[in-house]
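Report on the following structure.
Protein chains: 2
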Amino acid sequence: MDVAVRAGVSVGTASKALNGHGGLRSETRARVLAAAEELGFLPNALARGLLRGRSFTVGLIASDAVGRFSIPVMLGVEDALSAGRIAVLFCDGRGDPIREEHYLRSLLARRVDGIIVAGGQTDPRPPIGSGLTVPVVYAWTPSTDPMDASVVPDHEGGAYAAVAHLLGVGRQRVGHVSGPQQFRSVELRAKGVFRALAEAGLQLAGPGPLYGDWSEAWGRQAAAILLRSCPELDAVSCGNDEIARGVADGLRDLGLRVPDDVAIIGFDNWEIMSAHARVPLSTVDMSLHEVGRVAAGRLLQAINGAAVHGTQYLPCQLVLRESTGLQARSGRPPGPVARPSP
Amino acid sequence: MDVAVRAGVSVGTASKALNGHGGLRSETRARVLAAAEELGFLPNALARGLLRGRSFTVGLIASDAVGRFSIPVMLGVEDALSAGRIAVLFCDGRGDPIREEHYLRSLLARRVDGIIVAGGQTDPRPPIGSGLTVPVVYAWTPSTDPMDASVVPDHEGGAYAAVAHLLGVGRQRVGHVSGPQQFRSVELRAKGVFRALAEAGLQLAGPGPLYGDWSEAWGRQAAAILLRSCPELDAVSCGNDEIARGVADGLRDLGLRVPDDVAIIGFDNWEIMSAHARVPLSTVDMSLHEVGRVAAGRLLQAINGAAVHGTQYLPCQLVLRESTGLQARSGRPPGPVARPSP
DNA sequence: TACCTGCACGAAAACCTTTTCCACAGTCAG
DNA sequence: CTGACTGTGGAAAAGGTTTTCGTGCAGGTA
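Chains as they are written, first to last, in numbering that gives the first Met the number 0: chain A, 0 to 341; chain B, 0 to 341.
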């Protein structure tokens, strides 16, 4: 080690000086530090890791990094870990088990201290491996094994809060337009909607929950369906922001005003969709960054030997904008409003 | 090494067997391989890296990972590197020089073989460090130092192609609505627009390029301005897809049809905006994935000692959808069309 | 002076792999 | 029979850091 030579001490002493460990004269310590500074010394993390048996590195396997959900989760993970001087090895598995297997081997060969699996979907996924020697935490997409550590948003609670808010601002006839029925998140969100309505002694407006795809086009279409079935409709809870935007546009085309006639609330708080819509949308934020942070925190716990099993549900945040009325509702305006006959 | 013990050979021999190096009897080699398989042996990349003096790891510093541009770039980088068995250390610098400095030190301590800086903006950024011992390539956001290796899309060429396409389908009065004038990309794209028009002997329609912000709201507003200034407008080239979408909506509100009356082309090919718009938007795809891939390729070259300096411009791809007419133009329809009086 | 205590630092092992050099045995040719 | 050559595998060093143990020296005490 050239720092030791320059400071005129042995490598062991230099190491102690740099890490503040042994009993050194402060004069010696200062000399070593000065030498390190002059030489721009950076301790070789490979050597350190080899010795300590751990790398201070964590693997992040994104199943579907293209999707917009894993990105904020990833950033939350990275945020939490970098604070603990832990680096993140990023792998994009693309939902392909073979790729994932390859990445897993690569990460294990690099002696990562732990692995975070950030999925792209809401439905549970099979565990990434069995009998692994390093801890694994699943973020956003839970593992199908309930004993695995998973961190996910509370979809049901979010939808419940959304509808509770609609009822809280005086709405009574609430419709629900969502995505494909087979998604677990769709099921959970519908459950939350029903629970909020039931607690208020209300029924869902319209022919029932409307299931379609996650698109604006479906939202526009659903708006017409809903209005035909229930002309007195005064609120719609949507499965995501794109649908909400479509519903808003559809209602607008039908001559209704948002939020005066119908309040609309979305889900996801995808800002480009919700905040920049023609009428900025109230929505439910799943705190994905927080999901990532918490997952990283649990991983650190597990690395330190205090592993916690099971799935952890993180609360969603209500984000209120104009589409549910920034102020108290002012009643339906006078004058004719174009509505399709029932 | 337990594999060596189990196979009844020395560690050196085991290493040779696993890497296919020395002159070994095939029987011995098979025995070692079998032992490694049974024990699930994965060579310690830390030890290997320590010995070889390189880590087969590359640092990726994203200046603004929240932005939607750096994500595809990142994925392209990861794609290209993982094929070469190189792992990616992901750091989110958030555009904060202090954070970046911290990450830089962390990466250097980990003995990365190179660094890719994936920015969030189009304007050049200051180099991440000087006198670095590892090669650096800037992707998407170039370095201000022209001697640094940078890989960026050809904004000007993309805009040129967009307008050339508009002219190619018979449009003559082309407006340009873009983002904030001080952005380099805005300047470059406008340059491409002017060049395409000039080559056809045409002038820009409207009062000149309209500069605003990157929003749909601005697009809607600009549509009205443009139409008031040039009622014969038959095409608009937009600075990005959000603006294009706004322009389309604005024109629609004014009673014009897209693409029959006015063709519209966006920029970015942000699919959720362009492909899912009410009228799917033709747009310019900057091939961000390819930018990432090429940047990674140049980094690998530099790691192998064949560094190339300077900025490399990658061509954009035209993505044609309905907003510029999927078929030949059919002429303006008969009947009154609501237009503001000039 | 002889011995002990404690401080400050050095020496060396350990982490795991790769690679180079060397040794041993067997074979073939002279 | 001896020398040389080839095929196979072992021994050891190197890579940079941390940590443990040991050593030398100074100062104090008997």
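Ideal Cβ placement from N, Cα and C applies to all residues, glycine included. Fair warning: this is a prediction, and the values are worked out from it, not measured in the lab.
Query: Nearest-angstrom Cβ-Cβ length linking glycine 75 of chain A and glycine 291 of chain A, presumed shorter than 8 Å; Result: 2 Å
Query: Distance between alanine 79 of chain B and valine 168 of chain B (C-alpha atoms, nearest Å); Result: 37 Å
Query: N- and C-terminal bounds of the alpha helix (DSSP H) containing threonine 121 of chain A; Result: Note, threonine 121 of chain A: premise wrong, no alpha helix (DSSP H); not H, not E.
Query: Contact list for phenylalanine 89 of chain A against chain B, beta-carbon separation under 9 Å; Result: Leu59, Met73, Glu77, Ala86, Val87, Leu88, Phe89
Query: Bridge partner(s) assigned by DSSP for leucine 59 of chain A; Result: A:Phe89, A:Ile115
Query: C-beta atoms of isoleucine 70 of chain A and isoleucine 85 of chain B nearer than 8 Å; Result: no
Query: Start-to-end residues for the beta strand (DSSP E) that takes in aspartate 267 of chain B; Result: Where aspartate 267 of chain B is concerned, there is no enclosing beta strand (DSSP E), given that its DSSP letter is neither H nor E.
Query: Member of B:Arg297, B:Arg277, B:His275, B:Ala158 whose CA lies at the smallest distance from the CA of alanine 306 of chain B; Result: B:Arg297
Query: Alanine 6 of chain A versus valine 31 of chain A: straight-line alpha-carbon distance, rounded; Result: 5 Å
Query: Contact with chain A by arginine 104 of chain B, beta-carbon distance below 8 Å; Result: yes
Query: Three-state secondary structure assigned by DSSP to alanine 262 of chain A; Result: strand
Query: Environment of glycine 334 of chain B [buried if 16+ CB atoms lie within 10 Å]; Result: For glycine 334 of chain B, the predicted structure reports a pLDDT of 37, less than 50, and the residue's modelled location is therefore unreliable. A value from the coordinates is still provided. Exposed, since its Cβ has fewer than 16 Cβ neighbours within 10 Å.
Query: Cα-Cα separation between arginine 338 of chain B and alanine 197 of chain B, rounded to whole angstroms; Result: At arginine 338 of chain B the pLDDT is 37, less than 50, meaning the model places this residue with poor confidence; the figure from the coordinates comes in the next sentence. Distance between the alpha carbons of arginine 338 of chain B and alanine 197 of chain B: 28 Å.
Query: DSSP bridge partner residues for threonine 389 of chain A (one or two, in chain order); Result: Because chain A in this structure spans residues 0 to 341, residue 389 of chain A falls outside the shown range and cannot be described.
Query: Cross-chain neighbours of arginine 110 of chain B in chain A, by beta carbon under 8 Å; Result: Asn43, Ala44, Leu45
Query: Neighbour list for glycine 48 of chain A in chain B, Cβ cutoff strictly below 8 Å; Result: Leu45
Query: Ordered list of alpha helix (DSSP H) runs contained in the segment 206 to 267 of chain A, each at least 4 residues; Result: 215 to 228, 240 to 252
Query: Short Cβ contact (8 Å threshold) for serine 273 of chain A with aspartate 252 of chain A; Result: no
Query: Glycine 113 of chain A versus tyrosine 137 of chain A - alpha carbon distance; Result: 11 Å
Query: Local Cβ density within 10 Å of asparagine 18 of chain B, reported as buried at 16 or more and exposed below that; Result: exposed
Query: Extent of the continuous beta strand (DSSP E) to which proline 311 of chain A belongs; Result: Position check: residue 311 of chain A holds glutamine in this sequence, whereas proline was assumed. Per DSSP, glutamine 311 of chain A belongs to the beta strand (DSSP E) from 310 to 313.
Query: Segment limits, alpha helix (DSSP H) that includes alanine 13 of chain B; Result: 10 to 18
Query: Histidine 154 of chain A in three-state terms, based on DSSP; Result: helix
Query: Closer than 9 Å at the beta carbon, the chain B residues around serine 214 of chain A; Result: His275
Query: Top-ranked residue by Cα proximity to isoleucine 127 of chain A, from A:Gln120, A:Trp139, A:Asp144; Result: A:Asp144
Query: Near-chain A residues of the segment 124 to 147 of chain B - C-beta to any C-beta below 8 Å; Result: none
Query: Which of helix, strand or coil DSSP assigns to histidine 164 of chain A; Result: helix
Query: C-alpha distance - histidine 175 of chain A paired with arginine 124 of chain A, whole-angstrom precision; Result: 27 Å
Query: Coil, strand or helix - serine 105 of chain A by DSSP; Result: helix
Query: Beta carbon proximity, serine 54 of chain B to chain A, threshold 8 Å; Result: yes
Query: Close Cβ partners of histidine 164 of chain A (< 8 Å) along its chain, the five nearest in sequence each way excluded; Result: Ile264, Ser281, Leu317, Leu319, Thr323
Query: Within chain B, the residues that leucine 107 of chain A reaches when beta carbons sit closer than 7 Å; Result: Leu41
Query: Assigned exposure category for glutamate 99 of chain A - 16 Cβ within 10 Å defines buried; Result: buried
Query: C-beta contact flag for serine 177 of chain B and proline 208 of chain B at 8 Å; Result: yes
Query: Selected residue, minimal CA-CA separation from isoleucine 115 of chain A, among A:His101, A:Met146, A:Val57; Result: A:Val57
Query: Euclidean distance between Cα positions of leucine 232 of chain A and leucine 201 of chain A; Result: 13 Å
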